[in-house]
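Q:
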Amino acid sequence: MGPKVVIVGAGIVGTSLADELTERGCTDVTLVDRGPLFVTGGSTSHAPGLVFTTNQSKTMSAFARYTVEKLSTLEHPDGRVFNRVGGLEVASTTERWADLHRKAGWAQAWGIPARLLGPAECLELHPLLDRHAILGGFYTPTDGLASAVRAAAAQAQRAVARGAILLPETEVLDVVDRGGRVGGVRTSRGVIAADIVVCAAGFWGAQLANRVGLVLPLVPMAHQYARTGQVAPLVGRNTERDDASLPILRHQDADLYFREHVDRLGIGYYGHQPMPVDLSTLLADTADEPMPSMLPFTEQDFEPAWRESVRLLPALGDSKVEEGFNGIFSFTPDGFALLGEHAQLRGFWVAEAVWVTHSAGVAKAVAEWIVDGTPSVDVHECDLYRFEKFARSPRFIDQTCAQAFVEVYDIIHPYQYRSALRGLRTSPFHHRQLELGAYFYEGGGWERPAWFEANAGLVGRLAAQGVAFPERDAWTARYWSPVAIAEARWTREQVALYDMTPLTRYEISGAGAADFLQRLTTNDVDKGVGSVTYTLMLDQTGGIRSDLTVARLDETRFQVGANGPQDFDWLTRHLPANGSVTLRDITGGSCCIGLWGPAARDLVQPLCRDNLSHTAFPYFRLLRTYLDAIPVTMLRVSYVGELGWEIYTEASYGAALWDLLWAAGRDHEAIAAGRIAFNSLRMEKGYRAWGIDMTAEDRPIEAGLDFAVRMSKGDFIGKAALRDATPRKILQSVVFDDPTAVALGKEPVLAGDACIGFVTSAGYSPTLGRTIAYAWLPADSSIGDTVTVDHRGQRHTATVHRQTVVDPELARIRR
Ligand code: FAD
Ligand code: THG
């Protein structure tokens, strides 16, 4: 039986979840919907159901693959649930054609059987295409059309067969809060008791969540969908039951997609201005429409779409748009779904902003999460608690969801950051960074220097000494500068200041703090005051949730360096109920300079009365002291792998700290250095970045982090799961053979023509004069193996290298 579950919403998400939950033995499920079943009036009721599986996100691709597999096995009396017509994305510009090569790489990396086709082959698959309008296509034979309503019905019926109850025409008005736990829902037909309530209410979900104090960053947005009249070449191809046989088609350069409806075409369009929907007037606005998720078609917005459609598919010239509507569904700031449990109201779960494409995969993950405690795939990109505070502001939500709509089919470079609402968070060093010509990336709302134009002179100087600065092509040179290579090199030779302020940090204090951290993390952190420990947070299955540094300030007070808001959420959920531990995010109120390089001690010692020698202040220790008159906490930690310190102070002292170090640095030719140099240096050292190199899908031994696991200490979350964990794959360092080869991440790794893994992150090593990448490879891969990396269709050979390419003995750090 399990807990009593109420699912709000019988769209594709709610029904799929009912199926997945009941399949896991959680059979006391009630599926409630305001509308009739299964054409409820929500987005699912009119979704044309195109499923293009490949996504740059491995997780989203996995969700889609599972959805295709599952829907292919479902049956419905009216006809096919999934029609595997294949999916074709065409390029009409050279930029798109190059990008389809990138997409083909993702497909290969994530195990999706796709291939690139020339124009003639595209025409064979889709004879309506104009040969001259396209440069080529990306074809996935397993893509196709989901009949979303049939899929919802089939899954709901399976759930009912296992005991689930369907309650149509019942509106959920409110959620019962029993002192921090859900007690049920209040509906138009009375209260239904529940231990778990899942909000799967589609674009209305934000309203329901709002009633229980949860802000869901999503905006309902209208999107145009039109149907043509008869298209001559289609007549006789299809039947009402099997209404399509041509591949589904995307023409992303013109923001268009197409599918067949028997002898007509359906055309979806994202090229118009964003049309956010006002829920307060929606019922009135849709009064004359077939359902409340359909707004009247705005013909003038569709004009460019029609022109472009006829250009791509000339046969449409004899037809016309016969009907259309502006359909509504959810957009989020980053395009990912919103999944997870409300932290303050236990038992209230959210499964929102999910496409039909990902629906069954999402439902499976959420069902596992509810029933087993942990999803089997990494869901951090979709975590409800991935957002910083500002991302819950109405202004941010409106602006970035609109932007997400505009960019939905755009080619987005991996280092292209948001342009709107920048400058929300700046460190106290920001003005100095501007003076030094910083180019900023964005992360967590922070402005983060990527490199400094002030260092441009170093390029010539180092080149004269024989340092190579390989040319990059237009794509890999975007949002990048050779100055970053000079900054990295200079850090190894001299000294540099890195702004570490955006590094998420918490203060964890109280009588129970040490025990708490022992239980939540893998390493022994209960060491003496002044110790610093590198440690991991695992989930119950032994997957890596985060990696942390834990610095013991006092007996009962720790400073923890973490990876983002999801860590705060995880820690908060595990705080002991007795109040013996206090968790505080101190990121914004403090700041940090990473001062690293062989000259770091010479620079900083004269500013400090305490002895900063290696014997007095060893590696992985901390010291609370003064630099000049500024109170600082110094951590002898270095993610770039050089002698030096992370120097923390309160934000108010930040500007003075920067100026102090800068002035003292003059004699040592200190520079400010940015994120690109930082990344390449940490890669030379073999240090991992959580969320990129490893996630909850990976165990410590696989990620090469078992050194941070103390099986001999007391119990900790995930420990039991590690006992029998044989590695299924391992994270390796590979070094490219060609000094000009570049990778940016997510590329497939091949042995011969077979894909054996994928790249996580990459960076140019100034020490080796080559790009280094981390890649997940088979567990039996070993140093010296040759592999091939496919970067946007260019194949580069690379060699598996020992993890630490620079200073494996840590001699540079420990001196
Ligand atoms: P919904 O289907 O909206 O279901 C939510 C349900 O909750 C509704 O039935 C509603 O009645 C019910 N509900 C809401 N509030 C309450 C309440 N308080 N009490 C009781 N019940 C409530 N996706 C794709 O993958 N491929 C596509 O090709 C595609 N094309 C699309 C084209 C258009 C024009 C549109 C509009 C969307 C398209 N989508 C597509 C997106 C897709 O339709 C949605 O993302 C998906 O259907 C959302 O499913 P859902 O179950 O979350 O929401
Ligand atoms: N600084 C601080 N906290 C952090 C980071 C940081 N927390 C999040 C993230 N970055 C953690 N990542 C690392 C990765 C490696 C190291 C430090 C933080 C590191 N590792 C050494 C090694 O692997 O050889 C030392 C390990 C050990 O001695 O146990 O330095 O950048 N404050």
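Note that full-length UniProt numbering gives residue 40 to position 40 of the sequence shown, counting from 1, and the numbers run on in steps of one. Note that CB positions come from ideal geometry on N, CA and C, so glycine has one too.
With a threshold of 7 Å, establish whether the CB of Glu-646 neighbours any heavy atom of the ligand NAP.
A: The ligand NAP is absent from the structure shown, which contains only the ligand FAD and the ligand THG.
Q: What number of angstroms, rounded off, separates the C-alpha of residue 844 from the C-alpha of Ser-293?
A: For the chain, the structure presents residues 1 to 815; residue 844 sits outside this window and is missing.
Q: On the three-state DSSP scale, how would you describe Asp-585?
A: strand
Q: Please confirm whether Ser-61 and Thr-54 have their CB atoms less than 8 Å apart.
A: yes
Q: Candidates Pro-36, Pro-700, Ser-680 and Leu-503: which alpha carbon is nearest Thr-587's?
A: Comparing Cα-Cα distances from Thr-587 to each of Pro-36, Pro-700, Ser-680 and Leu-503, the minimum goes to Leu-503.
Q: Report whether the distance from the Cβ of Phe-469 to the nearest heavy atom of the ligand THG is below 7 Å.
A: no
Q: What's the gap between the Cα of Arg-519 and the Cα of Leu-810?
A: 29 Å
Q: Cβ of Thr-587 within 7 Å of any heavy atom in the ligand THG?
A: no
Q: Less than 6 Å between C-beta atoms, sequence neighbours within five positions excluded: which residues of the same chain meet that for Pro-576?
A: Counting only Cβ-Cβ distances below 6 Å, and skipping sequence neighbours, we find Gly-512.
Q: Would you identify the three-state DSSP class for Ile-112, choosing helix, strand or coil?
A: It is coil, neither helix nor strand.
Q: DSSP on Tyr-66, reduced to helix/strand/coil?
A: Note: Tyr-66 maps to helix in three-state DSSP.
Q: Quick one: which unbroken beta strand (DSSP E) runs of 3-plus residues sit fully inside the stretch 601 to 664? Chain order, please.
A: 622 to 627, 630 to 635 and 644 to 650
Q: Mind listing, in chain order, the continuous alpha helix (DSSP H) runs of no fewer than 4 residues lying wholly within the stretch 199 to 266?
A: 205 to 211
Q: I want to check one thing, is the minimum distance from the CB of Arg-186 to the heavy atoms of the ligand FAD below 7 Å?
A: Not so, every heavy atom of the ligand FAD lies at least 7 Å from the Cβ.
Q: Following a CB-centred definition, is Arg-264 positioned closer than 7 Å to any heavy atom of the ligand FAD?
A: no
Q: Kindly confirm or deny that the stretch 660 to 673 and the stretch 743 to 754 touch, where touching means at least three C-beta pairs closer than 8 Å.
A: no
Q: For Gly-49 and Gly-589, what's the separation of their Cα atoms in angstroms?
A: Distance between the alpha carbons of Gly-49 and Gly-589: 47 Å.
Q: On the DSSP letters alone, give me the boundaries of the beta strand (DSSP E) that Glu-447 sits inside.
A: 446 to 452
Q: Output the boundary residues of the alpha helix (DSSP H) element that contains Thr-22.
A: For Thr-22, the uninterrupted alpha helix (DSSP H) segment begins and ends at 12 to 23.
Q: Taking the Cβ atom as the reference point for each residue, do Thr-170 and Ser-147 lie within a distance shorter than 8 Å?
A: no
Q: I think Gly-641 touches Ile-772, with their Cβ atoms under 8 Å apart; what is that distance to the nearest whole Å?
A: No, Gly-641 and Ile-772 are not in contact; Cβ-Cβ is about 13 Å, not under 8 Å.
Q: Taking Gly-686 as the reference, which of Lys-719, Val-800 and Pro-778 has the closest Cα?
A: Val-800
Q: With a threshold of 7 Å, establish whether the CB of Thr-357 neighbours any heavy atom of the ligand FAD.
A: Answer for Thr-357: yes, Cβ within range of the ligand FAD.
Q: When the Cα atoms are used, what is the spatial distance from Leu-657 to Gln-433?
A: 14 Å
Q: Tell me Gln-157's beta-bridge partners as DSSP assigns them.
A: According to DSSP, which records beta bridges pairwise, Gln-157 is partnered with nothing at all.
Q: Per DSSP, Trp-349 forms a beta bridge with which residues?
A: Val-198 and Glu-341
Q: Can you find a heavy atom of the ligand FAD that lies under 7 Å from the Cβ of Tyr-409?
A: Taken from the Cβ of Tyr-409, every heavy atom of the ligand FAD lies 7 Å or farther away.
Q: Quick one: grab the DSSP three-state call for Asp-569.
A: helix
Q: Going by alpha carbons, who is nearest to Ser-761 out of Glu-303, Ser-733 and Leu-129?
A: Ser-733
Q: For Trp-306, does the three-state DSSP call read helix, strand or coil?
A: Helix at Trp-306.
Q: What is the residue span of the alpha helix (DSSP H) that Cys-122 lies within?
A: For Cys-122, the uninterrupted alpha helix (DSSP H) run begins and ends at 119 to 125, by DSSP.
Q: Should Gly-11 and Ser-57 be called a contact, given that it needs their Cβ atoms to be closer than 8 Å?
A: no
Q: From which residue to which residue does the beta strand (DSSP E) around Ser-765 run?
A: Here the beta strand (DSSP E) through Ser-765 covers 754 to 765.
Q: Could you give the distance in angstroms between the alpha-carbon of Thr-491 and the alpha-carbon of Thr-281?
A: 58 Å
Q: To the nearest whole angstrom, what separates the beta carbons of Val-32 and Leu-167, a pair I think is in contact under 8 Å?
A: 5 Å
Q: Should Gly-180 and Gln-344 be called a contact, given that it needs their Cβ atoms to be closer than 8 Å?
A: yes
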